[in-house]
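Participant: What follows is a structure written as structure tokens; I'll ask about it next.
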Amino acid sequence: MTQTRSRRLSVVVPCFNEEQGLAQLHATLLEVLPAVADDFEVLLVDDGSSDGTLAEMRRISALSPRFRYIALSRNFGKEAAMLAGLSEASGHAVAIMDADLQHPPQLLGAMLARLDEGHDQVVARRTRDGDGRARTLVSRLYYRLINKMVEVDLKDGVGDFRVLSHRAVRALLSLGEYNRFSKGLFSWIGFDTAIVDYDNVQRAHGSSKWSFGALLNYGIDGVVSFNNRPLRIAIYLGAMVTALAFLYAGYVALDVIFTGVDAPGYATLMVGIAGLGGIQLLFLGVIGEYLGRIYYETKRRPHFLVKEASEPQPPALTVLG
Ligand code: UDP
Ligand code: MG
Numbered sequence: 008m009t010q011t012r013s014r015r016l017s018v019v020v021p022c023f024n025e026e027q028g029l030a031q032l033h034a035t036l037l038e039v040l041p042a043v044a045d046d047f048e049v050l051l052v053d054d055g056s057s058d059g060t061l062a063e064m065r066r067i068s069a070l071s072p073r074f075r076y077i078a079l080s081r082n083f084g085k086e087a088a089m090l091a092g093l094s095e096a097s098g099h100a101v102a103i104m105d106a107d108l109q110h111p112p113q114l115l116g117a118m119l120a121r122l123d124e125g126h127d128q129v130v131a132r133r134t135r136d137g138d139g140r141a142r143t144l145v146s147r148l149y150y151r152l153i154n155k156m157v158e159v160d161l162k163d164g165v166g167d168f169r170v171l172s173h174r175a176v177r178a179l180l181s182l183g184e185y186n187r188f189s190k191g192l193f194s195w196i197g198f199d200t201a202i203v204d205y206d207n208v209q210r211a212h213g214s215s216k217w218s219f220g221a222l223l224n225y226g227i228d229g230v231v232s233f234n235n236r237p238l239r240i241a242i243y244l245g246a247m248v249t250a251l252a253f254l255y256a257g258y259v260a261l262d263v264i265f266t267g268v269d270a271p272g273y274a275t276l277m278v279g280i281a282g283l284g285g286i287q288l289l290f291l292g293v294i295g296e297y298l299g300r301i302y303y304e305t306k307r308r309p310h311f312l313v314k315e316a317s318e319p320q321p322p323a324l325t326v327l328g
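Numbering (our numbering), first residue to last: 8 to 328.
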């Protein structure tokens, strides 16, 4: 544990409309961080909030210079906000946590201790108590399905609350892709990973930014970001349907030869057309999804744009706060 104390810890906090919660976050971090690291900085990233989040950040940063902030020019999404924070983080260890205190900062001590054992990533895994039944069930199913589909290992209950070593952060920053599905990226970079469990905490202020639609899109991202298996499925399914069509053609030919032309068949026809049309549209969508990604990747646009940031902090101050 003595090693922990000589480290500089950076805490990256993506914030989108978190005006109400920031004061409490500030107070809690000021209480917790000096006990777990000798030197620390907090990077508050304003992800284009439309409320007074940025004003709160300016206020907090003026009060405690160890709290720095970066304001993005608009809402780029949590992934981009995290990336913005990571690219500014100067610590030997970097923690990522939500602004709503759903990621209890009190856990950081235990997480840093695991990092000192030689792990490069320490992830916090929450139990799902307090989540709606339906959401829990859907999440479970989703992770079971996704782990079958993608090559990287994704765990249920593991979110973005984690502590990374400096080299893990460098590895993450070296992945330049535009579509960032960070759950997958964290897993893709590898390194030794340790898990620390904690109990689910409800949001202190405001409400979750995840609607059902957003979760669904996130789910599709997870499947498509990491491999081309959905395209494989299209090939197999296509082959299967073609084989069935040939078999059916043989059957119809024999039927005509032996029993003559038989007019009815409207239902078969409709089912065939509708079914095949559906499958074709579905996989056209899948292909389009990949094509769209290629399109965005080739633009090589930056992941985020900064509109305002606090002054860089002088290195290694001796006074905390
Ligand atoms: N967040 C962000 N940009 C967004 C959406 C969310 O930076 O476009 C931040 C948000 O402020 C919070 C964290 O990401 O700190 C997690 O968001 P939320 O609490 O809404 O998600 P949940 O905890 O419900 O998964
Ligand atoms: Mg939350």
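Beta carbons are placed, not taken as given, at the ideal position from N, Cα and C, and that holds for glycine.
Please check the pair residue 79 and residue 53, which I expect to be a contact at CB under 8 Å, by giving their CB distance rounded to whole angstroms.
Facilitator: About 6 Å; that satisfies the 8 Å criterion.
Participant: Straight-line CA distance for residue 247 to residue 115?
Facilitator: Distance between the alpha carbons of residue 247 and residue 115: 52 Å.
Participant: Does the distance from the C-beta atom of residue 225 to that of residue 304 stay below 9 Å?
Facilitator: Against a cut-off of 9 Å, the Cβ pair of residue 304 and residue 225 comes out as no contact.
Participant: Note down the Cα distance separating residue 87 from residue 283, rounded to an integer number of angstroms.
Facilitator: The alpha-carbon atoms of residue 87 and residue 283 are separated by roughly 39 Å.
Participant: Does the distance between the C-beta of residue 189 and the nearest non-hydrogen atom of ligand 2 fall short of 8 Å?
Facilitator: The answer is no for residue 189.
Participant: Please tell me whether residue 61 and residue 20 are closer than 9 Å, where the distance is taken between their beta carbons.
Facilitator: No, they are not a contact pair.
Participant: Just how far apart, CA to CA, sit residue 170 and residue 76?
Facilitator: If I take the Cα positions, the gap works out to 19 Å.
Participant: In or out: residue 204 buried (at least 16 other Cβ within 10 Å) or exposed?
Facilitator: Per the 10 Å Cβ criterion, exposed.
Participant: Which residues in the same chain have their Cβ closer than 6 Å to the Cβ of residue 124, if we skip the five residues on either side of it in sequence?
Facilitator: So the list is empty, once near-sequence residues are dropped.
Participant: What does a CB cutoff of less than 7 Å around residue 178 pick up in its chain, not counting 5 residues either side in sequence?
Facilitator: Hits under 7 Å: 196.
Participant: Residue 335 and residue 46: beta carbons closer than 9 Å?
Facilitator: This structure cannot speak to residue 335, because the chain is shown only from 8 to 328.
Participant: Could you round the C-beta distance between residue 127 and residue 74 to whole angstroms and report it? I think they count as a contact, below 8 Å.
Facilitator: Rounded, the Cβ-Cβ distance is 26 Å, inconsistent with contact.
Participant: Pull every residue with its beta-carbon under 7 Å away from any heavy atom of ligand 2, and keep them in chain order.
Facilitator: That query returns the following residues: 105, 107, 109, 210, 215.
Participant: If you follow the alpha helix (DSSP H) that residue 202 is in, where does it begin and where does it stop?
Facilitator: First-last for residue 202: 200-205, but that is the beta strand (DSSP E), not the alpha helix (DSSP H).
Participant: Does ligand 1 have even one heavy atom less than 8 Å from the beta-carbon of residue 228?
Facilitator: It does not: the Cβ of residue 228 is nowhere closer than 8 Å to a heavy atom of ligand 1.
Participant: For residue 56, which of 27, 44, 23 has the nearest alpha-carbon?
Facilitator: Of 27, 44, 23, the residue nearest in Cα terms is 23.
Participant: Between the alpha carbons of residue 302 and residue 188, how many angstroms are there, rounded?
Facilitator: So the alpha carbons of these two residues sit roughly 17 Å apart.
Participant: Name the DSSP bridge partner or partners of residue 53?
Facilitator: Its beta-bridge partners are 22, 78.
Participant: At what residues does the beta strand (DSSP E) containing residue 100 begin and finish?
Facilitator: Residues 100-103.
Participant: Would you kindly report the start and end of the unbroken beta strand (DSSP E) that includes residue 171?
Facilitator: Looking at the DSSP string, the run of the beta strand (DSSP E) that includes residue 171 is 165-172.
Participant: How many angstroms separate the CA atom of residue 12 from the CA atom of residue 289?
Facilitator: The pLDDT assigned to residue 12 is 45, lower than 50, so where the model puts this residue is not dependable, and the model offers no usable value.
Participant: Spatial neighbours of residue 68 within its chain, please: CB distance less than 7 Å, with the 5 preceding and 5 following residues excluded, ordered by chain position.
Facilitator: Here the set comprises 74, 75, 76, 317.
Participant: Measuring only the C-alpha atoms, how far is residue 274 from residue 259?
Facilitator: If you take the alpha carbons of residue 274 and residue 259, they lie about 15 Å apart.
Participant: DSSP has residue 47 in a bridge; who is on the other side?
Facilitator: DSSP output for residue 47 lists 16 as bridge partner(s).
Participant: On the three-state DSSP scale, how would you describe residue 315?
Facilitator: Strand at residue 315.
Participant: Are the CB atoms of residue 63 and residue 95 nearer to each other than 9 Å?
Facilitator: No, they are not a contact pair.
Participant: At which residues does the alpha helix (DSSP H) containing residue 287 begin and terminate?
Facilitator: It spans 273-306 - the alpha helix (DSSP H) in which residue 287 sits, taken as one unbroken run.
Participant: Distance, Cα to Cα, residue 267 vs residue 261?
Facilitator: So the alpha carbons of these two residues sit roughly 9 Å apart.
Participant: Let me know if residue 103 comes out buried or exposed under the rule of 16 or more other beta-carbons within 10 Å of its beta-carbon.
Facilitator: The residue in question, residue 103, is buried, as its Cβ has 16 or more Cβ neighbours within 10 Å.
Participant: Keeping to the same chain, check which residues put their C-beta closer than 8 Å to that of residue 84; ignore five residues upstream and five downstream.
Facilitator: Closer than 8 Å at Cβ, skipping near neighbours: 54.
Participant: Are the beta-carbon atoms of residue 213 and residue 31 separated by less than 9 Å?
Facilitator: For residue 213 and residue 31, no; Cβs fall outside 9 Å.
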